[in-house]
Amino acid sequence: MRTSPQSDEDPSGTVQRCHQRKSLFLYVLLFSAVIGLVLVIVFSIITCDQESCNTASCLVLLARLQEAQNGTIDPCEDFFSYTCGNWEANNAWNMDMPSVNVFDVLLEENHLIMKKLLEEPQLGTNGSAKEKAVQFYTSCMNTDQIEAQGAEPLKKLINEIGGWNITGSWKETDFNQTLQILMEKYNTFPFFKAYVGPSSSDPSTNIIQIDHPEFELPLEYQFERNVNYPQVLRSYYLYLKKLEELMGGHTDSTSNYISLAFSFISNLQKIVTPLKKRQEKRMLFYYTTIKKLQEKAPAIDWLSCLQAAFHPVQLNMSQPIAVHDMDYLKGMSQLIGQWQKQRDVLQTYMILCLIGNLSPALDSQFQKARQELANILDSRARNTNMIRTERWRKCLSDTSTFFGPVVGKMVVQEIFPQKAKDLAEEIFSEIQDAIDSHLDQVNWMDSQSRQEAKEKIYRLQVEIGYPKTMLQAHKIDNEYQELKIDENNFFHNVVACLNSLKKRFLLRLVSPNLNDSWEVPPWSVHSYYSLRRHAVVFPAGMFRNPFFHTEFPSAVNFGVMGFFMAHELLHSLFDYVLPENCSTCGMSIPAEDKDCLVKQYGNYSLKGHRISGSFTLLENLADTGGLAIAYQAYENWFAKHRRVTNLPKLGLSHHQLFFVSFAHAMCGRQSLESLQAFLHRDPHSPSPLRVLGSLSNSQDFSRHFQCPSESPMNPALKCHICCQRERSFHAFIKMEKKGTSCTVELLYYF
Numbered sequence: 001m002r003t004s005p006q007s008d009e010d011p012s013g014t015v016q017r018c019h020q021r022k023s024l025f026l027y028v029l030l031f032s033a034v035i036g037l038v039l040v041i042v043f044s045i046i047t048c049d050q051e052s053c054n055t056a057s058c059l060v061l062l063a064r065l066q067e068a069q070n071g072t073i074d075p076c077e078d079f080f081s082y083t084c085g086n087w088e089a090n091n092a093w094n095m096d097m098p099s100v101n102v103f104d105v106l107l108e109e110n111h112l113i114m115k116k117l118l119e120e121p122q123l124g125t126n127g128s129a130k131e132k133a134v135q136f137y138t139s140c141m142n143t144d145q146i147e148a149q150g151a152e153p154l155k156k157l158i159n160e161i162g163g164w165n166i167t168g169s170w171k172e173t174d175f176n177q178t179l180q181i182l183m184e185k186y187n188t189f190p191f192f193k194a195y196v197g198p199s200s201s202d203p204s205t206n207i208i209q210i211d212h213p214e215f216e217l218p219l220e221y222q223f224e225r226n227v228n229y230p231q232v233l234r235s236y237y238l239y240l241k242k243l244e245e246l247m248g249g250h251t252d253s254t255s256n257y258i259s260l261a262f263s264f265i266s267n268l269q270k271i272v273t274p275l276k277k278r279q280e281k282r283m284l285f286y287y288t289t290i291k292k293l294q295e296k297a298p299a300i301d302w303l304s305c306l307q308a309a310f311h312p313v314q315l316n317m318s319q320p321i322a323v324h325d326m327d328y329l330k331g332m333s334q335l336i337g338q339w340q341k342q343r344d345v346l347q348t349y350m351i352l353c354l355i356g357n358l359s360p361a362l363d364s365q366f367q368k369a370r371q372e373l374a375n376i377l378d379s380r381a382r383n384t385n386m387i388r389t390e391r392w393r394k395c396l397s398d399t400s401t402f403f404g405p406v407v408g409k410m411v412v413q414e415i416f417p418q419k420a421k422d423l424a425e426e427i428f429s430e431i432q433d434a435i436d437s438h439l440d441q442v443n444w445m446d447s448q449s450r451q452e453a454k455e456k457i458y459r460l461q462v463e464i465g466y467p468k469t470m471l472q473a474h475k476i477d478n479e480y481q482e483l484k485i486d487e488n489n490f491f492h493n494v495v496a497c498l499n500s501l502k503k504r505f506l507l508r509l510v511s512p513n514l515n516d517s518w519e520v521p522p523w524s525v526h527s528y529y530s531l532r533r534h535a536v537v538f539p540a541g542m543f544r545n546p547f548f549h550t551e552f553p554s555a556v557n558f559g560v561m562g563f564f565m566a567h568e569l570l571h572s573l574f575d576y577v578l579p580e581n582c583s584t585c586g587m588s589i590p591a592e593d594k595d596c597l598v599k600q601y602g603n604y605s606l607k608g609h610r611i612s613g614s615f616t617l618l619e620n621l622a623d624t625g626g627l628a629i630a631y632q633a634y635e636n637w638f639a640k641h642r643r644v645t646n647l648p649k650l651g652l653s654h655h656q657l658f659f660v661s662f663a664h665a666m667c668g669r670q671s672l673e674s675l676q677a678f679l680h681r682d683p684h685s686p687s688p689l690r691v692l693g694s695l696s697n698s699q700d701f702s703r704h705f706q707c708p709s710e711s712p713m714n715p716a717l718k719c720h721i722c723c724q725r726e727r728s729f730h731a732f733i734k735m736e737k738k739g740t741s742c743t744v745e746l747l748y749y750f
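In this text, residue positions in the sequence shown follow the UniProt record's numbering: the first is 1, and each later residue adds one.
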């Protein structure tokens with residue numbers, strides 16, 4: 001009985017043949033590798049004579065990169081200083097700003113283009129929205145006319161709504177009636193802000209929302225901790241006194257009104273619930289109806305006031321609304337009740353709000369008063385919204401506010417041709433495909449969640465350059481059809497535009513599926529991911545030198561815009577790439593992998609201040625992963641096109657140019673005070689650390705710059721949660737062209 005397989009063959013012969021087969025396989029594998037290596041070398045020699053980009057746009061980019069670079073710094077020691085070490089010395093155009101970076105310079109260039117477009121002669125635009133935008137800008141720049149009118153237009157308007165004790169007699173009017181007029185005709189909301197926005201329960205629908213008003217004086221919690229707030233209050237009080245003087249009030253009785261109104265403002269601000277406290281108590285949205293709100297805050301005639309604010313939309317007592325701070329509305333109602341016996345004080349407060357809203361349309365004395373207050377607030381508050389010094393900047397800002405779609409279309413047609421849009425969309429497609437392949441490497445995702453994540457990538461709404469409807473001239477003209485602009489009456493134009501702006505916002509309420517509006521204008525230089533719309537937005541203002549150009553080497557376009565695209569795409573996948581947010585993931589990522597990034601950035605310090613690795617984790621993940629994805633997308637692009645374009649005289653390979661372009665986009669300077677505020681409120685790491693952190697986690701960077709092991713930019717420990725490139729054998733060709741000869745050096749990396 002046979003209990004085991006037997007063979008008639010000699011065992012030693014079997015072993016010998018096995019060794020022969022293994023040897024043959026190794027010879028074939030080695031031969032294939034040699035052939036492949038020869039092909040790589042041949043291709044490298046062929047492409048050694050790579051094309052240099054000598055167009056005007058490339059030469060401008062070359063100059064910018066060279067001016068910013070500090071060649072005395074070892075790139076493997078500090079790549080940010082190597083790339084950006086001389087940037088500050090060559091960009092001293094706005095030294096009074098606490099921080100300036102490449103984004104600010106690009107935005108300034110965009111603003112200058114907008115200025116040129118609004119100031120150049122317009123042909124064949126009679127009656128169009130474009131003509132009205134230009135006329136509005138012209139009326140704003142007509143300072144002679146504005147100075148001649150002084151405060152008279154505003155005084156006349158105040159008399160039309162019942163008067164004011166400071167400018168003359170006050171015909172005692174109904175409190176709610178005056179409030180309705182201010183909200184309906186002048187877009188002024190003294191006691192609360194009412195607007196239309198997406199519902200938190202269903203982001204695809206819009207709902208009326210009510211919050212505390214936008215006070216001209218920032219709330220106390222919005223100031224830095226070390227600010228002397230009583231001194232700020234005194235400055236604001238003196239500002240109100242100055243407004244009283246400019247409006248013609250000089251007597252003791254009028255001064256008393258200002259003092260009482262100031263007291264009312266202080267009390268009103270004290271009842272606002274700070275945002276952080278509302279977040280902690282999960283009180284950001286309180287859904288109710290107008291009827292129930294009337295019961296909780298009876299001092300306001302809510303139906304009449306909201307009907308006035310949203311005219312001609314018809315509302316009723318059962319109208320659903322979302323309240324952001326119900327405690328404030330209750331306290332506001334009680335405060336108004338306490339002051340009802342001094343109705344003239346309530347009237348004074350409402351008129352002061354109207355003046356604050358319309359004083360930007362008045363003469364230089366009002367602008368000077370606002371500027372003096374702005375100088376105080378800007379140095380103390382985290383966020384203020386006062387005025388700019390140069391007249392054209394103010395006029396550009398006002399025109400952009402009221403004619404956003406019009407100015408946006410003008411800018412897009414000037415700076416973002418269809419050719420650029422096509423290339424940008426092509427690059428984005430490469431980024432999507434690269435992320436798709438990277439997801440296969442996320443070993444803690446099961447097949448179902450991995451497939452869902454991939455589907456989410458391609459289901460994403462991608463908006464590059466401008467909203468889809470922006471170039472539809474007839475649509476924009478229809479929006480501004482009823483608006484009348486007088487080139488010689490800036491005050492009238494501002495009042496008319498406030499009304500027009502309100503009506504356009506109302507479209508969101510009557511058109512609940514109107515979801516094509518952007519959070520930034522097309523000339524912006526910042527991209528974003530919208531969770532509500534599951535959309536990524538890349539404004540046309542970004543696709544300019546030094547970030548992007550159709551003539552640029554592909555390494556530049558992928559190194560900058562490819563990185564930003566990958567960064568935003570990763571934001572859309574945080575539910576999947578962070579296991580605690582992914583209920584369907586088959587495995588959980590080891591805690592040490594996530595902690596690696598937290599500790600890495602937590603060990604960085606800048607100007608004596610440590611970075612919070614936990615607070616900045618998601619943005620650091622998007623930076624590190626985004627860079628790896630953008631590089632892989634560039635490699636894929638390079639493999640498809642086999643075409644290398646580089647910048648002349650820079651002495652960099654196209655792979656090195658990829659990383660230099662990425663780092664250059666982060667160049668800038670930041671004062672200590674600005675950095676301290678930044679670290680408390682911004683989830684991004686400071687720019688130098690975005691560069692150092694991302695690149696020190698990149699094996700590709702270390703390889704192309706030949707950074708020694710354990711050098712600062714090539715640490716042994718490299719942190720990733722997702723999206724790292726697999727380690728593999730590389731034959732790296734270093735090419736150097738001198739005269740007519742081409743030197744090829746073969747370097748091995750594992």
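C-beta atoms are modelled at their ideal positions from N, C-alpha and C, and glycine is treated no differently.
Check whether residue i and residue j have beta carbons under 8 Å apart
{"i": "ASN70", "j": "CYS667", "result": "no"}
{"i": "PHE428", "j": "MET542", "result": "no"}
{"i": "GLY626", "j": "HIS567", "result": "yes"}
{"i": "LEU675", "j": "PRO686", "result": "yes"}
{"i": "ALA308", "j": "MET247", "result": "no"}
{"i": "residue 825", "j": "ASP211", "result": "Summary: the structure shown does not reach residue 825, with the chain confined to residues 1 through 750, and so no result is reported for it."}
{"i": "PHE136", "j": "ASN493", "result": "yes"}
{"i": "LEU117", "j": "PRO546", "result": "no"}
{"i": "TYR349", "j": "PRO218", "result": "no"}
{"i": "LEU483", "j": "ASN187", "result": "no"}
{"i": "SER698", "j": "ALA622", "result": "no"}
{"i": "TYR466", "j": "GLY404", "result": "no"}
Span separating the alpha-carbon of residue i from that of residue j
{"i": "PHE505", "j": "LYS468", "result": "18 Å"}
{"i": "VAL691", "j": "HIS655", "result": "16 Å"}
{"i": "ASP700", "j": "ILE113", "result": "38 Å"}
{"i": "HIS438", "j": "PRO274", "result": "42 Å"}
{"i": "THR125", "j": "ASN110", "result": "23 Å"}
{"i": "SER728", "j": "ARG703", "result": "Note that SER728 scores a pLDDT of 40, beneath 50, so its modelled location is shaky and nothing firm can be said."}
{"i": "GLN180", "j": "TYR528", "result": "37 Å"}
{"i": "THR167", "j": "HIS526", "result": "45 Å"}
{"i": "SER169", "j": "GLU160", "result": "12 Å"}
{"i": "ASN385", "j": "PRO298", "result": "Residue placement at ASN385 cannot be trusted, given a pLDDT of 43 that sits under 50; the coordinates are not used to answer."}
{"i": "LEU460", "j": "GLN418", "result": "22 Å"}
{"i": "GLY286", "j": "THR616", "result": "Gly is not the amino acid found at residue 286; the sequence shown has Tyr there. Rounded to the nearest angstrom, the two C-alpha atoms are 30 Å apart."}
{"i": "TYR239", "j": "ASP327", "result": "29 Å"}
Residue environment, residue i, which counts as buried when at least 16 other CB atoms sit within 10 Å
{"i": "HIS324", "result": "buried"}
{"i": "SER359", "result": "buried"}
{"i": "SER605", "result": "exposed"}
{"i": "THR55", "result": "exposed"}
{"i": "ASN91", "result": "buried"}
{"i": "ASP363", "result": "buried"}
{"i": "ALA639", "result": "exposed"}
{"i": "GLN451", "result": "exposed"}
{"i": "ALA630", "result": "buried"}
{"i": "LEU243", "result": "buried"}
{"i": "ASP398", "result": "buried"}
{"i": "GLU280", "result": "exposed"}
{"i": "GLN600", "result": "buried"}
Cross-strand partners of residue i (DSSP beta bridge)
{"i": "SER711", "result": "ASN714"}
{"i": "TYR287", "result": "ALA322"}
{"i": "ASN206", "result": "PRO198"}
{"i": "GLU51", "result": "THR645"}
{"i": "PHE136", "result": "For PHE136, which the question treats as bridged, DSSP gives no partner whatsoever."}
{"i": "ARG669", "result": "VAL100"}
Would you check if there are 3 or more beta carbon pairs closer than 8 Å linking the segment 130 to 142 to the segment 225 to 235?
no
State whether the segment 530 to 539 contacts the segment 635 to 644, with contact taken as three or more CB pairs (one from each stretch) at a distance under 8 Å.
no
Take every Cβ of the segment 327 to 336, pair it with every Cβ of the segment 265 to 274, and state whether three or more of those distances are shorter than 8 Å.
yes
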